[in-house]
Structures are given as C-alpha cells and as structure tokens.
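Residue 38 in the working numbering sits at position 31 of the sequence shown, with consecutive numbering throughout. Beta carbons are placed, not taken as given, at the ideal position from N, Cα and C, and that holds for glycine.
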Amino acid sequence: MSEHLVSVKQGYVLAIDTSAGTTVAVLSLGEVLAELNYLEPMTHSERIGSAIEEVLAKAKIAP
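Structure below.
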C-alpha cells in the first residue's frame with residue numbers, strides 16, 4: 008500500500024492501488040479490516056469492481 012497517511016476520526020477508508028497489479032483495502036481508525044491483492048499487472052480494470060465488493064463484504068460493510 009501507499010506510504011501516504013491520512014488522519015481519520017471516524018468512518019471507513021477505501022484504499023485502491025493499481026500502480027503494479029491491484030490492491031484494495033478497507034481501513035477504519037488506522038486498522039486494516041480487509042485487504043485483497045492481485046499481483047498480475049494490467050488486469051486492474053477487469054478486477055477492480057469485484058475486488059471492491061469482496062473487501063467490503065469481508066469487512067462487513069454494505070456498499
């Protein structure tokens with residue numbers, strides 16, 4: 008994941024990185040609730056929608 012840090016007082020952060028492969032994560036108060044990584048480059052456009060749905064489900068968050 009990125010080295011950029013953001014202070015969040017409450018709520019959730021959906022983090023998405025497609026710079027080399029695809030990583031999607033859900034965080035709350037600095038804690039990673041769910042994360043999904045695909046290492047294959049150049050497939051993020053095919054995977055991003057289902058990856059977001061999957062991490063939201065793993066974190067038990069309704070879209």
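Nearest-angstrom Cα separation, counted from residue j out to residue i
i: GLU53; j: GLN17; result: 31 Å
i: THR50; j: LEU36; result: 30 Å
i: GLU38; j: VAL20; result: 10 Å
i: GLU61; j: ALA22; result: 13 Å
CA nearest to the CA of residue i, picked from the options
i: GLU47; options: GLY28, TYR19 and LYS67; result: GLY28
i: GLU42; options: MET49, SER26 and VAL33; result: VAL33
i: SER26; options: ASN44, LEU40 and SER35; result: ASN44
i: LYS65; options: GLY56, ASP24 and LEU40; result: LEU40
Counted within 10 angstroms of its Cβ, other Cβ atoms place residue i as buried (16 or more) or exposed
i: THR30; result: buried
i: ALA58; result: buried
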